[in-house]
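Peer 1: Residue numbers (this note's numbering): 79 to 216.
By construction, the Cβ of each residue, glycine as well, lies at the ideal position given by its N, Cα and C atoms.
Since the structure is predicted, the reported quantities are computational estimates derived from the model, not experimental observations.
Structure incoming, see below.
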């Protein structure tokens with residue numbers, strides 16, 4: 079008896095065949111860049127719960143707007159909104175490209191070390207922003 083393939087059965091070498099990175103990249107291209115005030119995407123209010131509750135920007139404040147600006151080729155504006163936005167955008171493109179080369183995946187240890195470095199960079203950047211040495215995101 080044949081059964082239809084389900085999402086749970088679509089495994090290849092221990093990895094799923096679908097990955098969220100292409101969908102996120104597509105969404106970044108579909109969302110228009112923030113307006114001239116750089117304050118919101120799609121005219122939505124501030125969605126960061128840390129900023130809404132404490133009036134202090136979180137380590138990732140400005141990242142969504144930065145990624146959207148990167149998708150539209152506005153890299154200097156993206157860097158101004160969040161200096162690590164272009165780095166995360168490049169990593170996102172790298173993840174999409176690597177999905178086409180399943181035999182060329184980076185070692186897990188490299189991914190873990192890279193993620194740790196990015197977390198430390200985000201927290202360091204956050205501290206620098208809180209000290210006023212870099213502008214806070216609008």
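So, for residue 172: in the same chain, excluding its five sequence neighbours on each side, which residues have a beta-carbon less than 8 Å away from its beta-carbon?
Peer 2: none
Peer 1: Suppose the cutoff is 7 Å on Cβ atoms and the five residues either side in sequence are ignored; what does the same chain contact list for residue 214 look like?
Peer 2: 135 and 207
Peer 1: Check whether the stretch 135-147 and the stretch 102-112 are in contact - that is, three or more C-beta pairs closer than 8 Å.
Peer 2: yes
Peer 1: Is residue 112 helix, strand or coil when you go by DSSP?
Peer 2: In the three-state scheme derived from DSSP, where H, G and I count as helix and E and B as strand, residue 112 is classed as coil.
Peer 1: Let me check understanding here. Comparing Cα to Cα, which of 162, 154, 150 and 123 lies closest to residue 193?
Peer 2: 162
Peer 1: From this set, 203, 159 and 174, which residue's C-alpha is nearest residue 216's C-alpha?
Peer 2: 159
Peer 1: Can you tell me whether residue 188 is buried or exposed, with buried defined as 16 or more other CB within 10 angstroms of its CB?
Peer 2: exposed
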